[in-house]
Each structure stands twice: as structure tokens, then as C-alpha cells.
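Read the structure below first, then the notes.
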Amino acid sequence: MTGSAGRSSSPRDDDVLLEIADDELVVGWRNSEWTGIAPVLEEDVAFSSIAQNEIGHARALYGLLADDADALAFDRAPDEYRCAPLVQLRFIPDWARTIARHVLYEAADELRIERLKASDDPDVAGLAAKIDREEVYHRLHAQMWAERLRDEVRYREALDELWPYAAAMLERDLRPELAARLELELPRDKVLLGLDRGVHGEDWPALWEEMTMVRRSVPGATW
Amino acid sequence: MSNTDPESDVRSASRAGAGGRLRRPEGAGGQGAGIYEVFRRERKGQAFEHAGSVAAPDVAFAEAYAHEQYGRRGESAALWIVPRDAIREIDDFPDELGRNYHRVDGYSLKVKLAEARERAASAAGGNR
Numbered sequence: 022m023t024g025s026a027g028r029s030s031s032p033r034d035d036d037v038l039l040e041i042a043d044d045e046l047v048v049g050w051r052n053s054e055w056t057g058i059a060p061v062l063e064e065d066v067a068f069s070s071i072a073q074n075e076i077g078h079a080r081a082l083y084g085l086l087a088d089d090a091d092a093l094a095f096d097r098a099p100d101e102y103r104c105a106p107l108v109q110l111r112f113i114p115d116w117a118r119t120i121a122r123h124v125l126y127e128a129a130d131e132l133r134i135e136r137l138k139a140s141d142d143p144d145v146a147g148l149a150a151k152i153d154r155e156e157v158y159h160r161l162h163a164q165m166w167a168e169r170l171r172d173e174v175r176y177r178e179a180l181d182e183l184w185p186y187a188a189a190m191l192e193r194d195l196r197p198e199l200a201a202r203l204e205l206e207l208p209r210d211k212v213l214l215g216l217d218r219g220v221h222g223e224d225w226p227a228l229w230e231e232m233t234m235v236r237r238s239v240p241g242a243t244w
Numbered sequence: 070m071s072n073t074d075p076e077s078d079v080r081s082a083s084r085a086g087a088g089g090r091l092r093r094p095e096g097a098g099g100q101g102a103g104i105y106e107v108f109r110r111e112r113k114g115q116a117f118e119h120a121g122s123v124a125a126p127d128v129a130f131a132e133a134y135a136h137e138q139y140g141r142r143g144e145s146a147a148l149w150i151v152p153r154d155a156i157r158e159i160d161d162f163p164d165e166l167g168r169n170y171h172r173v174d175g176y177s178l179k180v181k182l183a184e185a186r187e188r189a190a191s192a193a194g195g196n197r
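For the record, the sequence lines run as chains X and V. For the first sequence, this note's numbering gives the first residue as 22, with consecutive numbering after it. For the second sequence, this note's numbering gives the first residue as 70, with consecutive numbering after it.
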């Protein structure tokens, strides 16, 4: 990783940028698992497109942090990834939980992107503004599914199940605002145990294995 | 998805509008479910052209799907999304009496011009 840009009055928080980049890479990866198997073709195309956007955001963020974005994305050991437990979970073939994560993730992501847009660092603020222009459509997509599945029991249960994960994904001071926007009660700390960023759940090793498989197949290759 | 046979599409529009085309979970095929035609403007100032269609359970989904399918590569400056049911097709234009002067191609200038040239040429030849 490169050092801070040195242009801003407060130092750029590279740890937070890496966390967001890892979340975007992994949620994009998880959403892309629906490519070709989504419930209807139109959704297949739309959800795949959203997945690709997320991976694109990860790539741009890695690009701020390192000269070789690929190395940062794919060449780390499994326990070095900073992605939140929420994005690690594998949901195929459960559409209700997939949409619940999508809705929660986009709501949480909106808050931290807002924070980045206000950054003193012009590179960070500029990239955040670009990312947000695409995220608007992810949020619309998530919102329209949320309304559609609102009365669906499986969806309600998935929301309850995943809400603590979503809260734990954000920096602590952003959580009350997320709870307010989602009209959910902020989970007690006890509920958040084991959901901290940096914790790697049981779905993670297989994801990492597959995600880095091709890079590892020919170490050091120029692609 | 875009269709290649517009005639059969239009005929099936009423069925699709009633929820017959898509298989949906119970109670999902509400008002607005069906096929939406998508028109695309490539650049500001250009005319909208038919781009294809999307199947969607309501207009909000239709907008989202059209946005991803016809706009995600930056290929569109704007889209129109129109429920197929709202489109009226007219394809019957009888011309039983062959009144070709009603048509733009009814009066063939090319033929008249060729005839005139021929007449002029033969008249010139006759004078020599």
C-alpha cells in the first residue's frame, strides 16, 4: 500500500478504504453467483450488472491504495481480507436472503459513501461521488425488491437474521443512523459478538479459494 | 429480452398483460405486469429508436431492468419505457383501386425521364 496522499488536513484513512474495497469485491462476487441462475432472466441481467459495478468499485478503491490493484485484490492470504461477515455469506439458492442482504448492504454502503464524499482528500471524495452515481441505481433496485417482498415471511425472517451483520459492518458511529433509516432497532453489543470485521466465517475459505484460484494457478504471471 | 417477431409479440400482449406470459409466485402478477417496450436515444438531440423490450412485474422493475440492459454500457443518453399494451399497431393499408398517385412512389420520375431523353435523342437524330 502507498502512504497517505499528504494533501489533506486530516490523514486519509486507508484502513477504511481497504475495508470498503474488500466488501465491494466480495459482495460483488457473491451477487455474481446468481449469473445464469437468477429467478427470471431480466433479474439475471440486472443483478449481474450490479455485481459487476461493485467489483468495479472495488477495483477503483484498490487503485487508490496500491499501484497493482490485482495484487491487492487477489494475492492476500485469506485472513488478511477485511471484508465484513455479511458479505461472506453464501445464499445460493435462497433469493429472499440474497435480497435481504442486498437491501441492508446498500443502505449501510450509502452511509459510508456519504462520509467518503465529504473527505478532505480530493481523490477519495471524487471517487466516492463517482461510485455513488452508480449506487443510486443499486439502491433503487434494492428498494423495489424490498417493497415487493415486504410481506413475504421468508424475507422478513432474513432481514431479522441479517440486520446485526449489517450493523456490525459499519463504523460504530454510523450505526444509529442506519437503524433509523431502516426503521430497525439497533442491536445490542451482545448480538454483535462474532460479527466484527476481520472475522472470517465458514463460507469464507471456499470463496477465497475460488476467487484466487486462477491467479494462484500461475503465480507471478502477467495476464 | 428483445423479440424478433413483432407481430406475434403484439398479439400476445393482452395475454402478457393479464399475467399469462410470465410464471410468477402467488400474488405477484399485479397491475403493470407484462412486457415493456424500450426506446433508446443514443445522443441528445437524436430521435428515440426502438431498442427491445423487458419483461417486468411492474413499471418500477421495468425501469430498473431497462436501465441495466440498455444503459449500463453508456450506450444510451435516455430511455423511454412503454407498456406494450399502450402501443396500438396499424398494419392494414388497403389500396384496392390502385390509386398510385396517392403514394410517393406512384409517379415514377425515373421512367418519365428516360422516355423524355429517348424522345430528345431521336428528335436530334432526325434533324441531322
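Ideal Cβ placement from N, Cα and C applies to all residues, glycine included. All values derive from a computational prediction rather than experimental measurement.
**Item:** Option in GLU63(X), LEU62(X) and GLU75(X) with minimal Cα separation from ASP44(X)
**Value:** For the purposes of this step, residue 44(X) is taken as residue 23 along the first sequence, with counting starting at 1. Of GLU63(X), LEU62(X) and GLU75(X), the residue nearest in Cα terms is GLU75(X).
**Request:** Give every residue of the same chain whose Cβ lies closer than 6 Å to the Cβ of LEU195(X), excluding the five residues on either side of it in the sequence, and list them in chain order.
**Result:** Taking the first sequence and counting its residues from 1, the one referred to as residue 195(X) is at position 174. These residues qualify, in order along the chain: LEU132.
**Message:** Tell me the DSSP secondary structure of ARG110(V) in three-state form.
**Reply:** Reading the second sequence from its first residue, position 41 is the one you call residue 110(V). Looking at ARG110(V) - three-state DSSP - the assignment turns out to be strand.
**Where the alpha helix (DSSP H) containing LEU183(X) begins and where it ends** = To locate residue 183(X), count along the first sequence from 1; it is residue 162. Note, LEU183(X): alpha helix (DSSP H), 174-190.
**Request:** Compare the C-alpha of PRO126(V) against each of GLU187(V), GLY103(V), ALA116(V) and GLU137(V) and name the closest.
**Result:** Within the second sequence, the letter at position 57 stands for residue 126(V). Residue GLY103(V) is the option with its Cα nearest to PRO126(V).
**Request:** Name the two residues that bound the continuous alpha helix (DSSP H) containing LEU161(X).
**Result:** The residue labelled residue 161(X) in the question sits at position 140 within the first sequence. Segment 143-170, the alpha helix (DSSP H) holding LEU161(X).
**Message:** Is there a C-beta anywhere in chain B that falls below 8 Å from the one on VAL66(X)?
**Reply:** Looking at the structure shown, chain B is missing, and the protein chains on hand are X and V.
**Request:** Could you check which residue in VAL66(X), LEU207(X), PRO185(X) and ASP153(X) has the C-alpha nearest to that of LEU213(X)?
**Result:** Here residue 213(X) refers to the residue found at position 192 of the first sequence. Of VAL66(X), LEU207(X), PRO185(X) and ASP153(X), the residue nearest in Cα terms is PRO185(X).
**Residue from ASP160(V), GLY101(V), ALA135(V) and SER191(V) with nearest C-alpha to ALA67(X)** = As a working note, residue 67(X) is residue 46 in the first sequence. Closest by alpha carbon: ALA135(V).
**Request:** Taking only beta-carbon positions, decide if ALA124(V) is within less than 8 Å of chain X.
**Result:** Translated into positions along the second sequence, residue 124(V) becomes position 55. So, interface residue.
**Prompt:** Skipping 5 residues on each side, what residues in its chain have a beta carbon closer than 6 Å to that of PRO152(V)?
**Reply:** Residue 152(V) sits at position 83 when you count from the first residue of the second sequence. If we look at PRO152(V) and ignore the five residues flanking it on each side, its Cβ neighbours are TYR105.
**Request:** Give the range of the beta strand (DSSP E) segment to which GLU118(V) is assigned.
**Result:** Position 49 of the second sequence holds residue 118(V). Element bounds for GLU118(V): 118-125.
**Option nearest VAL128(V) by Cα separation, candidates ASP210(X), PHE112(X), ARG177(X) and ARG169(X)** = Here residue 128(V) corresponds to residue number 59 of the second sequence, with the count starting at 1. Per the Cα distances, ARG169(X).
**Prompt:** Quick one: what does DSSP say LEU216(X) is sitting in, helix, strand or coil?
**Reply:** As a position in the first sequence, residue 216(X) is number 195, starting the count at 1. In this structure, LEU216(X) counts as coil in the three-state DSSP scheme.
**Item:** Exposure label - ILE58(X); buried when at least 16 CB within 10 Å
**Value:** Locating residue 58(X) in the first sequence gives position 37, counting from the first residue. Its Cβ having fewer than 16 others within 10 Å, ILE58(X) is exposed.
**Message:** Once DSSP output is grouped into helix, strand and coil, what is the label at TRP244(X)?
**Reply:** Looking up residue 244(X) in the first sequence gives position 223. Residue state, collapsed to three classes: coil.
**Request:** Alpha carbon to alpha carbon, how far is ALA117(X) from TYR176(X)? Give it in angstroms, no decimals.
**Result:** The sequence position of residue 176(X) within the first sequence is 155, counting from 1. The sequence position of residue 117(X) within the first sequence is 96, counting from 1. C-alpha separation (whole angstroms): 5 Å.
**Asked** Quick one: does ALA133(V) have its CB under 8 Å from some CB of chain X?
**Response** Reading the second sequence from its first residue, position 64 is the one you call residue 133(V). Closer than 8 Å: yes.
**Asked** Would you say the stretch 106-122 of chain X touches the stretch 222-235 of chain X, given that touching needs at least three Cβ pairs under 8 Å?
**Response** yes
**Prompt:** Comparing alpha-carbon positions, which option in HIS123(X), ARG33(X), ASP142(X) and ALA42(X) lies nearest ALA179(X)?
**Reply:** Start at 1 with the first residue of the first sequence, and residue 179(X) comes out as number 158. Among HIS123(X), ARG33(X), ASP142(X) and ALA42(X), the Cα nearest to that of ALA179(X) is on HIS123(X).
**Message:** Considering only their Cβ atoms, is the gap separating ALA128(X) from ARG209(X) smaller than 8 Å?
**Reply:** Stepping through the first sequence from its first residue, residue 209(X) is reached at position 188. Stepping through the first sequence from its first residue, residue 128(X) is reached at position 107. Contact: no.
**Request:** Verify the CB distance criterion: does SER140(X) have a CB-CB separation below 8 Å to chain V?
**Result:** Looking up residue 140(X) in the first sequence gives position 119. Closer than 8 Å: no.
**Request:** From the DSSP output, in three-state form, read off ILE156(V) for me.
**Result:** Taking the first residue of the second sequence as position 1, residue 156(V) is located at position 87. Reduced to three states, the DSSP call for ILE156(V) is coil.
**Message:** If I follow the unbroken alpha helix (DSSP H) through THR119(X), where does it start and stop?
**Reply:** Counted from its first residue, the first sequence places residue 119(X) at position 98. It spans 116-138 - the alpha helix (DSSP H) in which THR119(X) sits, taken as one unbroken run.
**Prompt:** Are there 16 or more other CB atoms within 10 angstroms of the CB of GLY96(V), so buried, or fewer, so exposed?
**Reply:** Translated into positions along the second sequence, residue 96(V) becomes position 27. The pLDDT assigned to GLY96(V) is 38, lower than 50, so where the model puts this residue is not dependable, and the model offers no usable value.
**GLU137(V): contacting residues in chain X (beta-carbon distance under 9 Å)** = Here residue 137(V) corresponds to residue number 68 of the second sequence, with the count starting at 1. In chain order: GLU63, VAL66, ALA67, PHE68, SER69, SER70, ILE71, TYR158 and HIS162.
**Asked** Counting contacts by CB-CB distance shorter than 8 Å, is ARG141(V) in contact with chain X?
**Response** For the purposes of this step, residue 141(V) is identified with residue 72 of the second sequence, where counting begins at 1. Taking Cβ atoms only, chain X reaches closer than 8 Å to ARG141(V), which makes this a yes.
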